[in-house]
Amino acid sequence: MPESSSKPVLVTCGLPYANGKAHIGHLRTYVPADIFARSLRKEGRDVTFVCGSDTHGTPIVVNAEELGITPKELVEIYHKHFDETFKQLGVYFDAFGTTDDPENHNRTLNIVNRLIEKDYVYPKNIEIAYCPKCNRFLPDRYVEGSCPHCGETARGDECDQGCGKHLEPGELQSPVCTICGGPAEYRQQEHFFFKLSKFSDYLMDYLSNDLGGTTNAINYALGWVKQGLTDWCITRNLEWGVKFPGHDDLVVYVWVDAPIGYIAFTEEWAAKAGDSWEKYWKNDGEIVHFIGGDITYHHCIFWPAMLKGADYSVPTAVVASGMVKIEDKKFSKTRGYVVWVGEDYLDHGFHPDLLRYYLASYTSHTKELNFSWHVLQEKINTELVAVFGNFLYRTMLFAFKNYGEVPAGELEPEVKEEIGKTLKEIKAAMAEYEFKKAVDCAMTLASFGNTYFQSHEPWSLIKKDRAACGNVLYNCLHLAKALCIIFEPVIPQTMEIAWKELGQEEDLHTALYSEALVPLKAGTKLAKPEILFTKLEDDRIGEMEEIANERVKAADAKKAAAKRNGKEPAKSEGMGPAEEAKPAENAGDAANAKEEEGKEILPLIEYEDFAKLDIRVGKVLLAEPIKKSKKLLRVEVDIGEEKPRQLVAGMASFYSPEELVGKYVIVLANLKPAKLCGVESNGMMLAADDGGEIVSALMPDKEIKPGSRIR
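For the sequence shown, the working numbering gives the first residue as 8, with consecutive numbering after it.
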């Protein structure tokens with residue numbers, strides 16, 4: 008995005024799918040988009056930031072049917088959830104609607120009718136999967152089968168397990184109904200297609216010359232256009248959705264009405280603000296889409312073609328994020344590699360700004376982001392606490408104690424130059440969507456502040472020359488002011504506290520970058536500062552890792568049981584991911600469900616699988632608490648080797664160290680080493696639990712030589 012542009016800017020995010028809870032994968036898109044919008048406002052740009060819930064498509068209908076509620080009721084639950092979660096994270100949209108809003112129904116019909124008028128939509132009789140037992144046509148996620156391209160298991164509209172190609176209705180081989188599990192058959196039915204193939208030349212030129220954003224999005228889309236585009240079926244057999252004009256038995260495909268939500272939400276904003284939505288969608292305003300990399304095709308090919316065909320403005324830039332990993336594992340809700348924003352983060356009292364900082368500063372926006380509790384701890388402790396927080400607190404506390412106000416002074420050229428250089432670098436980084444680079448520049452300025460404070464030794468200077476010390480503090484306080492403005496897009500809630508401690512009455516969130524160079528007013532009263540960032544301790548991080556490990560274990564058991572029963576969890580459709588979680592109103596059966604899950608029998612294994620486990624009898628020689636952890640013990644066990652094995656056991660809630668010493672226990676000896684709360688564990692002490700509060704270490708009923716193997 009050009010730094011010099013003065014055009015109004017519309018910033019959007021790919022819509023969260025309204026049938027599941029918010030997780031860290033969502034925030035990979037929304038937090039950087041919020042940072043970008045805030046930064047543009049600090050440059051004085053006219054910015055509108057919109058988003059909303061993606062509410063149509065088969066997963067919504069399927070999930071609602073399973074829960075015994077209507078699709079509308081399901082959508083309302085999760086729309087409210089996302090709206091509240093975003094606000095907790097400091098992500099504020101000028102409009103946050105739903106694709107089931109009247110504005111979106113009306114705008115979708117307007118665009119579809121316009122495409123029909125211009126002969127870009129045509130009817131065609133095609134083969135549609137039909138279930139004789141359920142007596143219904145099977146759109147998208149109601150049908151599974153084999154991909155015609157690679158042979159892998161695929162769903163009705165996408166080969167999600169194999170080659171990843173989009174599938175048109177009728178392409179799936181050996182179709183099976185996902186409702187009853189019975190075989191489906193193909194029957195002829197009239198559907199409607201968008202002439203995407205007609206836009207190949209236009210898209211090649213648009214992607215090569217006009218579309219800005221990240222190269223990963225543009226290059227990916229160019230590859231698809233070069234392979235050749237086929238027309239898209241834009242209707243489905245559903246009752247829930249936007250009715251296709253003149254056909255009450257059909258709705259438009261979710262990937263038609265979902266992106267049109269961007270326009271509808273802009274209309275909703277304009278109606279409330281008394282502004283114009285046309286300045287973005289009919290004129291030359293800039294449109295910047297922040298999306299996950301997995302929906303690039305839709306935003307860089309299908310969406311601009313549809314807009315061009317209906318005479319609307321096309322996106323100026325598409326910013327695609329890299330994918331997300333959890334503790335070096337591929338992100339997967341069904342396998343337990345997920346971090347839920349609510350129950351795993353906010354509900355445990357972690358500050359929203361810490362996660363915002365992590366997401367912005369971990370890596371380049373287009374690269375893969377790996378969430379790790381230990382890396383979060385390290386970044387917060389060594390950067391926000393040790394560098395930035397240290398500078399703010401020592402500066403403001405010294406000034407408050409010794410002056411009580413901003414002392415008289417002049418902004419030194421060196422300080423002014425450093426701030427000016429930082430502002431220039433941050434604006435350039437934001438224009439390139441390089442949020443890590445911008446944060447690194449801001450942190451460099453904080454390091455400069457620490458060096459400036461330390462080198463001038465105000466604690467000594469105040470004893471010799473109070474006026475000279477005041478000048479040093481004036482420059483430090485001005486740096487603190489500049490840093491509040493610069494860091495506000497990234498950690499807005501914390502910076503608002505620091506801003507008020509500096510005695511600033513202006514709204515920090517509307518303060519421009521240029522104000523970072525406006526001298527502080529001497530005599531401004533200072534408030535007693537508080538420590539803004541505190542260290543994340545080992546025991547807190549250890550507890551979160553333990554929760555994560557338990558989730559993976561439970562997911563593995565659940566997946567094995569599902570495989571045994573011939574069932575697989577439902578996947579997503581639309582802009583956001585589907586979840587298996589039930590809405591809060593129906594969570595009363597959770598305990599019973601968990602109990603039933605614990606009773607499920609795992610699949611049979613071969614003896615060779617069991618033989619891979621090195622399970623031995625061990626004698627506990629030492630057991631002691633791990634500092635700052637309430638649940639873990641460090642245990643040394645003799646398992647027949649030259650030296651005792653060190654294990655970390657989650658037994659502190661059930662055994663005192665004294666109770667374990669001298670006991671014979673069962674140890675899995677060939678488990679890969681792992682670190683818990685900074686202590687390496689080289690094996691696992693086996694225990695049994697009843698799914699409730701009783702946990703018992705496994706022990707032989709008679710004394711036996713340490714190292715004896717379990718066979």
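Just so you know, even glycine gets a beta-carbon here, dropped at the ideal spot from N, CA and C.
Owing to the predicted nature of the structure, the values given are computational and were not obtained by experimental measurement.
Collapsed DSSP secondary structure at residue i in the structure displayed
{"i": "residue 165", "result": "strand"}
{"i": "residue 372", "result": "coil"}
{"i": "residue 678", "result": "coil"}
{"i": "residue 209", "result": "helix"}
{"i": "residue 256", "result": "strand"}
{"i": "residue 358", "result": "coil"}
{"i": "residue 565", "result": "helix"}
{"i": "residue 156", "result": "coil"}
{"i": "residue 723", "result": "The requested residue 723 is not part of the displayed model; the chain covers only 8 to 718."}
{"i": "residue 417", "result": "coil"}
{"i": "residue 108", "result": "coil"}
{"i": "residue 403", "result": "helix"}
{"i": "residue 665", "result": "helix"}
{"i": "residue 621", "result": "coil"}
{"i": "residue 97", "result": "coil"}
{"i": "residue 295", "result": "strand"}
{"i": "residue 638", "result": "coil"}
{"i": "residue 284", "result": "coil"}
{"i": "residue 632", "result": "strand"}
{"i": "residue 491", "result": "helix"}
{"i": "residue 141", "result": "coil"}
{"i": "residue 182", "result": "strand"}
{"i": "residue 696", "result": "strand"}
Buried versus exposed call for residue i [16 or more other C-beta atoms within 10 Å across all chains shown]
{"i": "residue 61", "result": "buried"}
{"i": "residue 320", "result": "buried"}
{"i": "residue 70", "result": "buried"}
{"i": "residue 617", "result": "exposed"}
{"i": "residue 519", "result": "exposed"}
{"i": "residue 22", "result": "buried"}
{"i": "residue 538", "result": "exposed"}
{"i": "residue 128", "result": "buried"}
{"i": "residue 101", "result": "buried"}
{"i": "residue 498", "result": "buried"}
{"i": "residue 514", "result": "exposed"}
{"i": "residue 66", "result": "buried"}
{"i": "residue 194", "result": "exposed"}
{"i": "residue 220", "result": "buried"}
{"i": "residue 290", "result": "exposed"}
{"i": "residue 711", "result": "exposed"}
Reference residue i; option with closest CA among the options
{"i": "residue 639", "options": "58, 538 and 682", "result": "682"}
{"i": "residue 425", "options": "135, 303, 506 and 493", "result": "493"}
{"i": "residue 25", "options": "55, 161 and 92", "result": "92"}
{"i": "residue 204", "options": "233, 39, 65 and 221", "result": "233"}
{"i": "residue 94", "options": "58, 276, 71 and 79", "result": "58"}
{"i": "residue 668", "options": "267, 625 and 31", "result": "625"}
{"i": "residue 567", "options": "342, 665, 516 and 248", "result": "342"}
{"i": "residue 404", "options": "148, 533, 696 and 63", "result": "533"}
{"i": "residue 96", "options": "376, 142, 556 and 354", "result": "354"}
{"i": "residue 125", "options": "174, 357, 318 and 472", "result": "318"}
{"i": "residue 185", "options": "198, 143, 221 and 173", "result": "143"}
{"i": "residue 223", "options": "545, 327 and 375", "result": "327"}
{"i": "residue 702", "options": "423, 708, 693 and 709", "result": "693"}
{"i": "residue 621", "options": "481, 716, 85 and 553", "result": "716"}
{"i": "residue 230", "options": "283, 239 and 214", "result": "214"}
{"i": "residue 121", "options": "334, 531 and 313", "result": "313"}
{"i": "residue 422", "options": "407, 387 and 490", "result": "490"}
{"i": "residue 339", "options": "242, 507 and 558", "result": "558"}
{"i": "residue 249", "options": "238, 268 and 656", "result": "268"}
{"i": "residue 344", "options": "352, 331 and 356", "result": "331"}
{"i": "residue 173", "options": "304, 245 and 277", "result": "304"}
{"i": "residue 370", "options": "446, 408 and 561", "result": "446"}
{"i": "residue 433", "options": "17, 43 and 36", "result": "43"}
Integer-rounded CB distance, given that residue j should sit under 8 Å from residue i
{"i": "residue 652", "j": "residue 689", "result": "5 Å"}
At least 3 beta-carbon pairs within less than 8 Å: the region 411-418 vs the region 526-539:
yes
Does the region 500-509 come close enough to the region 46-54 to have 3 or more Cβ pairs within less than 8 Å?
no
Within 8 Å, do at least three Cβ pairs link the region 29-40 to the region 348-355?
yes
Evaluate the contact criterion for the region 453-465 versus the region 395-404: three or more CB pairs, one atom per stretch, below 8 Å.
yes
Stretch-stretch touch, CB-based, cutoff 8 Å, three pairs: the region 144-152 with the region 107-117:
no
Would the region 377-392 count as touching the region 360-368 if we require 3 or more Cβ pairs under 8 Å?
yes
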